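In the numbering used here, the protein residues as written are 5 to 314.
Here you go:
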């Protein structure tokens, strides 16, 4: 309303200047003009004070909003860090179990060879060729244990540097860690690599993705007591994208949770066995590497499809 009055005053002043002669302004309209100009100036300053107050209130509101957003972001960041830590601890427990299984077989072999060496020595069967063969077998078993230990150390070694890495090599590394666990659970692994995928990021972090998928499949096989167990991986490229298909025959994902399976605290496992963060962290890892992950049920199992931008 005041803006309209100010505009009307300005228009009226301009009209006075246009229609009146200088002499008439000096003699008869000077007082009237001065009065209108004075009113205009008062209106201008009054509007300026109100605008200043509005700006001050607006800035105060923005500061409060910024503080609130900062607090919310900090809270979300803390929750995300807690989920990551929980995922890491859960993965560490699974990996320790895998390492224990992998070391059990070579340790048993070394113990057996030691007993054989003593027995054969007492029977007079030990010669240079025998010692050479026994030494090579011992070194092979020890090398397997060292390789497993190095993979385990590399898996959990924090790395801030990013690099180009091969998805096939990443998968091969996880297979080394999960080898005995897969054999123990009688799971047949079938891998088809049409064309390898090269990604830029942290290879150790991407290993968690395969570890989570393998671990979930193993748990599903055992919980549902599936007899003929198989996991199939298909890796290929499609135009500007790399695709990883992970398929099992473990009975599929229940329809009640399949739409929210990648959200935190959602699990299909029985109480006390699942953390509900494995697939959530998997989706975060895929997104970090410019990709998406989806799941749908096929035949007697589930298929996870990971699409990555090359």
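Using N, Cα and C, we set each Cβ at its ideal position, and we do this for glycine too. Small disclaimer: the values here were computed from a predicted structure and weren't measured.
Query, Result
"Answer yes or no: do residue 306 and residue 257 have a C-beta to C-beta separation smaller than 7 Å?", "yes"
"Using the Cβ count rule (16 or more neighbours within 10 Å means buried), how would you classify residue 213?", "buried"
"Which one or two residues does DSSP pair with residue 252 in a beta bridge?", "235"
"How do the region 141 to 151 and the region 183 to 195 stand: do at least 3 beta-carbon pairs fall below 8 Å, yes or no?", "no"
"Which value, in whole angstroms, describes the spacing of the CA atoms of residue 76 and residue 294?", "25 Å"
"Please state if the CB of residue 178 and the CB of residue 153 are separated by a distance shorter than 7 Å.", "no"
"Taking only the alpha-carbon atoms, compute the straight-line gap between residue 43 and residue 50 and give it to the nearest angstrom.", "11 Å"
"Would you kindly work out how many angstroms separate the C-alpha atoms of residue 248 and residue 165, rounded to a whole number?", "24 Å"
"Which value, in whole angstroms, describes the spacing of the CA atoms of residue 230 and residue 171?", "29 Å"
"Given that a residue counts as buried once 16 or more other Cβ atoms are within 10 Å of its Cβ, and exposed if not, what is residue 302?", "exposed"
"Between which two residues does the alpha helix (DSSP H) holding residue 212 run?", "207 to 228"
"Around the C-beta of residue 290, are 16 or more other C-beta atoms found within 10 angstroms, so that it is buried, or is it exposed?", "buried"
"Nearest to residue 144 by CA position, among 131, 126 and 111, is which residue?", "111"
"I need the straight-line Cα distance from residue 168 to residue 251, nearest angstrom please.", "26 Å"
"Which same chain residues, not among the five before or five after residue 73, have their C-beta less than 6 Å away from its C-beta?", "none"
"Per DSSP, what are the beta-bridge partners of residue 192 in this structure?", "234"
"Between which two residues does the alpha helix (DSSP H) containing residue 299 stretch?", "Segment 295 to 302 is the beta strand (DSSP E) holding residue 299; no alpha helix (DSSP H) there."
"Residues in the same chain with beta-carbon distance under 6 Å from residue 25, minus the five sequence neighbours each way, listed in chain order, please.", "Per-residue confidence for residue 25 stands at a pLDDT of 47, beneath the threshold of 50, marking its modelled position as unreliable; the derived number appears in the next sentence. No residues qualify anywhere along the chain."
"Using 8 Å for Cβ pairs, my map puts residue 265 next to residue 237. What's the rounded Cβ distance?", "Not a contact, Cβ separation roughly 19 Å."
"Under the DSSP definition of a beta bridge, which residues are partnered with residue 284?", "DSSP lists no partner for residue 284."
"Taking C-alpha atoms, which residue in 227, 176, 47 and 139 lies nearest to residue 196?", "176"
"Give the DSSP-derived three-state secondary structure of residue 169 in the structure shown.", "strand"
"Buried or exposed for residue 65, going by 16 or more other Cβ atoms inside 10 Å?", "exposed"
"Does DSSP put residue 130 in a helix, a strand or coil?", "coil"
"Measure the alpha-carbon distance for residue 61 versus residue 39 and round it to whole angstroms.", "33 Å"
"Over the uninterrupted beta strand (DSSP E) stretch that includes residue 310, give me the two end residues.", "305 to 313"
"Could you give the distance in angstroms between the alpha-carbon of residue 68 and the alpha-carbon of residue 205?", "38 Å"
"Is residue 201 closer than 7 Å to residue 246 when the C-beta atoms are compared?", "yes"
"Around the Cβ of residue 192, are there at least 16 other Cβ atoms within 10 angstroms (buried) or fewer (exposed)?", "exposed"
"Give the DSSP bridge partners of residue 247, in chain order.", "240 and 311"
"Count the other C-beta atoms from every protein chain shown that fall within 10 angstroms of the C-beta of residue 253, then say buried if there are 16 or more, exposed otherwise.", "buried"
"May I have the straight-line CA-CA distance separating residue 47 from residue 70, to the nearest angstrom?", "34 Å"
"Just the C-alpha distance for residue 137 and residue 131, rounded to the nearest angstrom, thanks.", "10 Å"
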